[in-house]
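K.L.:
So that we are looking at the same thing, I have put the structure below in structure tokens.
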Amino acid sequence: MDVVFVHGLGGDPRGTWHHQHAINDDNFWPVWLGKEQLCLNIWSFGYDAKATNWQSNSSMPIFDLASNLLEWLDSCNLGKRPLIFITHSMGGLLVKKMLRSAKDFDDYKGIIEQTKGIVFLATPHTGTHLAKLINNIGVLARTTVSVEAAILILGNRCSNCGNADSVLISRSLLDHY
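Start counting the sequence shown at 0; every next residue gets the next number (numbering that gives the first Met the number 0).
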């Protein structure tokens, strides 16, 4: 079985899964799983997850991030064995978007069919008020700092990231297995 960790907004592929003050392999969830369950292959997907473009213009819209995740999974030859995703925050939205995108391509059929489960940790399935708050603060401060698409996508304007996706993915997993 393959297990893929996907971090959220403000995270990274290693730091998100560590104890805050001890960043070594003794405190890294993926290593724990690998030691406990030798039959697991453990992966951690990383992407630019900054909340704002204050210092960088490199964040991408969630659709592009989902495409990158899909291509990365394929390049790592994932989708041949059972697959489980462990996600945090926006990482859960990213995996949901990736699975919805994958169904449109025959090349990624294995990823869909082999996905056996998704663990959502603090994923804002119905959006978050944080996006609206940040937008309002920006307006009040009349700042030129723009909020990245990554945080805007968490707002209620993203209808395709809400409960409908959760239900669709949950039902398809239940129906398939």
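Where a beta carbon is used, it is the ideal one built from N, C-alpha and C, also for glycine.
Nearest to Pro-181 by CA position, among Asp-47, Asn-26, Val-118, is which residue?
P.N.:
Given that the chain is displayed from residue 0 to residue 176, the structure contains no residue 181 and the question cannot be resolved.
K.L.:
Nearest to Val-2 by CA position, among Arg-99, Ser-74, Pro-81, is which residue?
P.N.:
It is Pro-81 whose Cα lies nearest to the Cα of Val-2.
K.L.:
Starting from Lys-34, trace the alpha helix (DSSP H) in both directions and tell me its first and last residue.
P.N.:
Its alpha helix (DSSP H) spans residues 28-35.
K.L.:
In angstroms with no decimal places, state the Cα-to-Cα distance between Leu-92 and Pro-123.
P.N.:
If you take the alpha carbons of Leu-92 and Pro-123, they lie about 8 Å apart.
K.L.:
Assuming Gln-44 and Trp-71 make a contact with CB atoms under 8 Å, what is their CB distance in whole Å?
P.N.:
Correcting the residue identity first, residue 44 is Phe in this sequence and not Gln. With 8 Å as the limit, Phe-44 and Trp-71 qualify as a contact, their Cβ atoms being about 6 Å apart.
K.L.:
If we count the other Cβ atoms within 10 Å of its Cβ and call it buried at 16 or more, is Ser-74 buried or exposed?
P.N.:
Exposed, because fewer than 16 other Cβ atoms sit within 10 Å of the Cβ of Ser-74.
K.L.:
Would you kindly work out how many angstroms separate the C-alpha atoms of Trp-31 and Gly-90, rounded to a whole number?
P.N.:
Approximately 20 Å, taken between the alpha carbons.
K.L.:
Taking only runs that begin and end inside the segment 72-103, name each unbroken beta strand (DSSP E) of 3 or more residues, in chain order.
P.N.:
Counting only runs of 3 or more, we get 82-87.
K.L.:
Please go through the same chain and pick out, in chain order, the residues whose beta-carbon is closer than 7 Å to the beta-carbon of Ser-66, but skip the five residues on each side of it.
P.N.:
Taken in chain order, the residues that qualify are Ser-100.
K.L.:
Apart from the five residues just before and just after His-87, which ones in its own chain have a Cβ nearer than 7 Å to its Cβ?
P.N.:
If we look at His-87 and ignore the five residues flanking it on each side, its Cβ neighbours are His-6, Gly-7, Gly-10, Thr-15, Leu-120, Ala-121.
K.L.:
Return the residue from the list Asp-103, Lys-79, Leu-77, Val-94 that minimises the CA-CA distance to Ile-117.
P.N.:
Checked all of Asp-103, Lys-79, Leu-77, Val-94; the closest Cα to Ile-117 is Val-94.
K.L.:
Taking DSSP as the reference, what is the three-state secondary structure of Gly-116?
P.N.:
Strand, per DSSP.
K.L.:
In this structure, does DSSP put His-11 in helix, strand or coil?
P.N.:
Residue identity check: residue 11 is Asp in the sequence provided, not His. Residue state, collapsed to three classes: coil.
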